[in-house]
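In what follows, a single structure is set out as structure tokens and then discussed.
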Amino acid sequence: MKKITTLLGPALALGLALGGTAQAQQKSLTVVSFGGAYGAAQKVHQIDPYMAKTGTQILFENYTGGVAEIKAQVEAGKIQWDVVDIETIDLERACAEGLLEIIPRDILLKGDDGTPAEEDFIPAALENECGVGEIVWSTVYAYNNKTIGDKAPSTIEDLFDLKKFPGKRALRKRAQVNLEWALLADGVKEEDVYKVLATPEGQAQAFAKLDTIKSEIVWFDSWSQAPQLLNDGGAIMVQSANGRFFDAIKREGKPFTMVWDGNLYDLDAWGIVKGTPNLELALDFVSFTTSTKALAGFQDVAYGPPRKSSMALVDKSVVDHLPSTHVDEGLKADGIFWADYGESLGEKFNEWLLK
Amino acid sequence: MASQQAVLSANEIQAETRALRRRKRASLLLVVPLLVFIFFAFVAPIATMLYRSVYNPTLVELIPKTVHELSGWKKTELPEPVVFSTFAKELKQLAEARRSGVLAAAINRAYPGASSLVNATARKFRKMPDDKLIKDGMALLTEADPRWAKPELWRAIREVGQVYTDTYYLTALDLERNAQNEIQQRESARIYIQLYTKTLSIALIITLLCIALGYPLAYYLAHAPRRVAGMLMVLVLLPFWTSLLVRTTAWIALLQTNGVLNSVFEALGLINSPLEMLYTSFATVIAMTHILLPFMILPLYSVMKGIDPSYVRAALSLGSRPFSAFLRIFLPLTLPGLSAGSLLVFIISVGYYITPALVGGTDGQMISNIIAFHMQRSNNWGLAAALGTLLLVLILLLYWTYDRLIGARNIKLG
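These protein sequences, in sequence, are chains A and B. So that you can map any letter, position 173 of the first sequence is 173 in the numbering used here, and since no number is skipped, the others follow by simple counting. So that you can map any letter, position 293 of the second sequence is 293 in the numbering used here, and since no number is skipped, the others follow by simple counting.
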């Protein structure tokens with residue numbers, strides 16, 4: 001072991017020295033997010049204005065979510081990402097494991113109408129001390145007006161009703177959302193879903209409900225596959241993030257309709273990777289990019305801004321497509337529940353898939 | 001004088017050995033880059049993986065005293081009150097250092113639901129004075145959450161507290177330990193054995209398909225006129241040089257519900273409704289066969305090319321039927337190429353990841369996809385390491401059996 005470290009030591013030192021000098025020459029920040037239409041909106045409304053204002057170079061990269069890469073960087077002590085766009089399910093976990101810096105609330109800018117930040121943000125956006133919410137998004141399902149036939153689905157029960165709507169359903173291959181939807185469709189009340197899902201009987205109930213449509217499910221891995229599946233007729237009902245569908249409808253003129261019943265809404269937040277050498281710059285970036293105007297820009301892809309003052313700037317025609325408008329029909333995704341049961345339910349889900 | 005000339009002087013011997021050493025050093029220098037590369041890219045990662053699959057220091061680093069005190073506990077009733085107080089105090093320290101989440105995630109692995117339990121309790125304890133925690137540790141814990149009074153939870157903590165553990169391997173084999181420390185079938189989910197079997201059978205089918213498709217083609221390539229052979233070789237090599245991702249996504253276009261194949265079949269009137277081909281193990285098998293076929297053809301071809309055609313001719317002229325001449329003369333001579341190709345295809349396909357992930361759906365998933373799941377989603381790197389190690393052992397075992405039966409020396413790549 002000692003030999004290895006004596007070998008590794010100089011090599012690492014050399015690498016760090018080279019990387020270090022390259023970084024020192026220019027003020028730069030590495031920001032990581034999910035890409036797609038969402039990433040494009042971030043570039044226009046958050047990244048570019050910040051670069052123009054401060055002259056800081058921003059390297060904007062894509063990732064597929066999860067905590068694995070952040071964990072690897074923190075554990076190795078070599079931080080490559082500074083600011084990360086993170087889903088609340090992962091935020092909860094990454095923060096508790098000490099992978100993210102605490103973001104002091106006093107760096108947040110006042111709303112454009114003068115409201116202090118802490119009152120301007122919706123409470124959920126500042127719930128976790130390591131994150132500042134950027135968007136409210138939601139998982140919904142949509143159908144294609146051209147292929148659905150004369151009857152159109154309107155509730156979450158319809159997704160599970162093979163008699164009324166025969167045909168394929170495309171769902172993202174993971175336990176999250178699908179188990180909640182199964183319980184909702186089986187008549188469990190919204191406020192009880194996570195309580196029921198924490199019990200073995202509740203889990204069995206959810207899998208039993210999923211069993212009823214198992215033969216007709218097409219599974220996919222990435223959100224980007226979803227509008228594609230709906231477009232080429234691979235499935236008649238498809239699950240995805242609402243912004244993906246909105247983008248396909250608005251920009252590409254696809255004949256899709258979203259069903260908001262049972263939508264699972266959640267937040268995306270900025271987190272700062274623990275131990276970053278650019279902490280001050282990262283905080284400044286978070287502060288600037290969560291201002292009223294920057295967040296209002298997400299109306300481009302129909303994600304709701306978590307600031308009340310930004311809502312005032314949202315185009316009236318978009319309001320109807322924002323997840324925040326449909327909160328009553330939906331359920332908040334529970335990050336704490338999934339931190340507890342994500343792994344065990346993930347395994348059970350895999351087992352169920354193999355059956 | 002004459003004898004003195006023949007014997008080298010001490011100085012000359014020294015110079016000679018120095019020169020020899022210099023030559024050795026120079027040749028070593030040529031190999032060093034490769035050795036360093038192999039060490040960093042191959043030996044070190046595998047060693048780390050092996051180590052990670054048994055080494056689990058999280059709890060001993062975080063709550064050393066509690067782990068130490070728990071080691072004397074009999075596991076049936078509740079631990080002594082002193083264990084509770086020690087734990088309460090250590091939990092508080094963790095909460096202050098914002099490290100309780102690491103502990104929570106580790107315990108959650110053995111006791112689902114413990115994550116929020118530990119974190120919530122840690123938050124409550126952050127502000128409490130030490131002496132109070134030591135005095136009423138037990139009462140405070142059970143007051144914070146009644147689950148702290150469950151022996152199962154403490155069993156889980158003790159289990160996760162072992163620095164060197166076989167838990168990951170047991171899980172990877174669908175086993176677990178019960179309260180009496182006996183090994184039993186896992187109650188929560190049994191998937192891994194099934195996945196290994198499936199992975200091996202898919203790999204076997206792909207290998208057989210590659211043999212069935214590749215052998216005749218290689219035979220033809222080796223015997224066809226040079227011009228035709230050259231053309232055909234390009235057809236084999238072109239897809240080989242094309243990006244893996246391009247070939248995989250091409251199969252998506254071909255196989256999907258309204259894809260090329262289904263439209264053609266429907267136009268021909270062969271089927272009424274589109275066949276389901278994409279996102280099945282069928283798709284995994286067919287796409288991987290396509291991708292791995294050159295690995296079978298190339299070694300076969302080069303071995304066949306080296307076989308003297310006069311052997312078969314001799315057999316024929318001695319009265320053998322063509323089929324029997326092929327079976328008894330040609331086939332045995334191609335065995336080194338055949339076994340090299342089969343081993344290559346089989347071993348590559350057992351660990352394949354990207355193609356099953358893209359076209360396999362749920363039906364066509366292989367063990368590598370579950371390893372990726374534990375690396376990226378569930379963050380259980382220990383289990384991922386154990387699954388990976390088992391895969392490695394499996395391959396080595398197969399190779400060993402193969403060596404026993406046929407002999408690894410017979411492998412020939414060209």
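Glycine included, every Cβ here is placed at the ideal spot set by N, Cα and C.
Quiz item: Of all Cβ atoms in chain A, is any one closer than 8 Å to the Cβ of B/G161?
Solution: For B/G161, the nearest beta carbon of chain A is not closer than 8 Å to its own beta carbon.
Quiz item: The beta strand (DSSP E) spanning B/M128 covers which residue range?
Solution: Looking at the DSSP string, B/M128 is not in any beta strand (DSSP E), and its letter there is neither H nor E.
Quiz item: Taking the C-alpha atoms as reference points, what is the distance between A/G133 and A/M311?
Solution: Between A/G133 and A/M311, the alpha-carbon positions lie close to 14 Å from each other.
Practice problem: With distances taken Cα to Cα, identify the nearest neighbour of B/F125 among B/P112, B/A144 and B/S368. | Solution: Taking the Cα of B/F125 as reference, the smallest distance to any Cα among B/P112, B/A144 and B/S368 is reached at B/A144.
Quiz item: For B/Y279, which residues in chain A fall below 7 Å Cβ to Cβ?
Solution: Within 7 Å Cβ-Cβ: V218 and W219.
Practice problem: Could you tell me the boundaries of the alpha helix (DSSP H) in which A/W113 lies? | Solution: Here the sequence assigns Asp to residue 113 of chain A, which means Trp is not the residue at that position. No alpha helix (DSSP H) holds A/D113; DSSP gives it neither H nor E.
Quiz item: Taking Cβ positions only, does B/G364 come closer than 8 Å to chain A?
Solution: Chain A, which has no Cβ nearer than 8 Å to the Cβ of B/G364, makes this no.
Quiz prompt | Selected residue, minimal CA-CA separation from A/L91, among A/V273, A/G111 and A/G330 | solution = Checking every option, the nearest Cα to that of A/L91 belongs to A/V273.
Practice problem: Count the CB pairs spanning the segment 334-350 of chain B and the segment 299-311 of chain A that are closer than 8 Å, and state whether there are at least three. | Solution: No, the segment 334-350 of chain B does not touch the segment 299-311 of chain A.
Quiz item: Which same chain residues, not among the five before or five after A/S154, have their C-beta less than 7 Å away from its C-beta?
Solution: The beta carbon of A/S154 is closer than 7 Å to those of V259 and D261 in its chain, skipping five residues each way along the sequence.
Quiz item: Which value, in whole angstroms, describes the spacing of the CA atoms of A/D112 and A/H45?
Solution: In a straight line, the C-alpha of A/D112 is about 16 Å away from that of A/H45.
Quiz item: Taking B/I202 as the reference, which of B/R23, B/F37, B/A44 and B/P356 has the closest Cα?
Solution: For B/I202, the nearest C-alpha among the options comes from B/P356.
Exercise. Mind listing, in chain order, the continuous alpha helix (DSSP H) runs of no fewer than 4 residues lying wholly within the segment 258-333 of chain B?
Key: Within the segment 258-333 of chain B, the complete alpha helix (DSSP H) segments at least 4 residues long are 260-267, 281-305, 309-317 and 322-325, listed from N- to C-terminus.
Practice problem: Kindly indicate which residue of B/S302, B/Y51, B/S324 and B/L397 has the alpha-carbon position closest to the one of B/L221. | Solution: That would be B/S302, whose Cα lies nearest to the Cα of B/L221.
Self-check item: Contact list for A/A296 against chain B, beta-carbon separation under 9 Å
Solution: Result: empty, since nearest Cβ-Cβ is about 33 Å, beyond 9 Å.
Quiz prompt | Beta-carbon neighbours of A/D340, restricted to chain B and to distances below 7 Å | solution = Per Cβ cutoff of 7 Å: N108, P112, G113, S115 and S116.
Quiz item: What residue ranges within the segment 257-320 of chain A form continuous alpha helix (DSSP H) runs of no fewer than 4 residues, ordered along the chain?
Solution: Counting only runs that start and end inside the segment 257-320 of chain A, the alpha helix (DSSP H) elements of at least 4 residues fall at 279-289, 292-296, 308-311 and 316-319.
Quiz item: Just how far apart, CA to CA, sit B/G101 and A/D192?
Solution: Note on geometry: alpha-carbon atoms of B/G101 and A/D192 lie some 26 Å from one another.
Practice problem: Give the residues of chain B in contact with A/D232, contact being defined as C-beta atoms less than 9 Å apart. | Solution: Ordered by position in chain B, the residues that pass the 9 Å Cβ test against A/D232 are Q256, T257, N258 and G259.
Practice problem: State the beta-bridge partners of A/G133 as determined by DSSP. | Solution: A/G133 has A/A269 as its beta-bridge partners, per DSSP.
Quiz item: What are the boundary residues of the beta strand (DSSP E) that includes A/N178?
Solution: Careful: A/N178 lies outside any beta strand (DSSP E), inside the alpha helix (DSSP H) at N178 to A185.
Quiz item: What in chain B is Cβ-close to A/I213, meaning under 9 Å?
Solution: Within chain B, not a single residue places a beta-carbon under 9 Å from that of A/I213; the smallest gap is close to 14 Å.
Quiz item: With burial defined as no fewer than 16 other Cβ atoms inside 10 Å of the residue's Cβ, what is the status of A/D48: buried or exposed?
Solution: Exposed, since its Cβ has fewer than 16 Cβ neighbours within 10 Å.
Quiz prompt | Residue-chain proximity (A/E191, chain B), Cβ-Cβ < 8 Å | solution = It does not; no Cβ of chain B falls within 8 Å.
Quiz prompt | Status (buried if at least 16 other CB within 10 Å, exposed otherwise) for A/L108 | solution = Under this definition A/L108 is a buried residue.
Exercise. Check distances from the C-beta atoms of the segment 365-393 of chain B to those of chain A and list, in chain order, the residues that come in under 9 Å.
Key: The segment 365-393 of chain B vs chain A, Cβ under 9 Å: Q365, I370, F373, H374, M375, Q376, R377, S378, N379, N380 and W381.
Quiz prompt | A/E347 versus B/W154 - alpha carbon distance | solution = The alpha-carbon of A/E347 is positioned some 23 Å away from that of B/W154.
Self-check item: chain B contact for A/L353 (CB, 8 Å cutoff)
Solution: Under the Cβ criterion of 8 Å, A/L353 is counted among the residues facing chain B.
Self-check item: Closer than 9 Å at the beta carbon, the chain A residues around B/S85
Solution: What B/S85 touches in chain A: nothing, since even the nearest Cβ is about 24 Å away.
Quiz item: Under a three-way DSSP split, which group does A/F34 fall into?
Solution: Coil.
Quiz item: On the premise that A/V32 lies in contact with A/E61, defined as a C-beta separation below 8 Å, what is that separation, rounded to the nearest angstrom?
Solution: Right, their Cβ atoms sit about 5 Å apart.
Quiz item: Listed in chain order, which residues of the segment 55-85 of chain A have Cβ atoms closer than 8 Å to some Cβ of chain B?
Solution: The segment 55-85 of chain A vs chain B, Cβ under 8 Å: T64, G66, V67, A68 and K71.
Quiz item: Alpha carbon to alpha carbon, how far is B/I371 from B/I291?
Solution: About 22 Å.
Quiz item: How about B/L254 and B/L245: are their beta carbons less than 8 Å apart?
Solution: Against a cut-off of 8 Å, the Cβ pair of B/L245 and B/L254 comes out as no contact.
Quiz item: Does the count of Cβ pairs from the segment 68-81 of chain B and the segment 52-59 of chain A closer than 8 Å reach three?
Solution: Verdict: no, contact absent.
Quiz item: Using 8 Å as the limit for Cβ to Cβ distance, is B/S339 near chain A?
Solution: So, not an interface residue.
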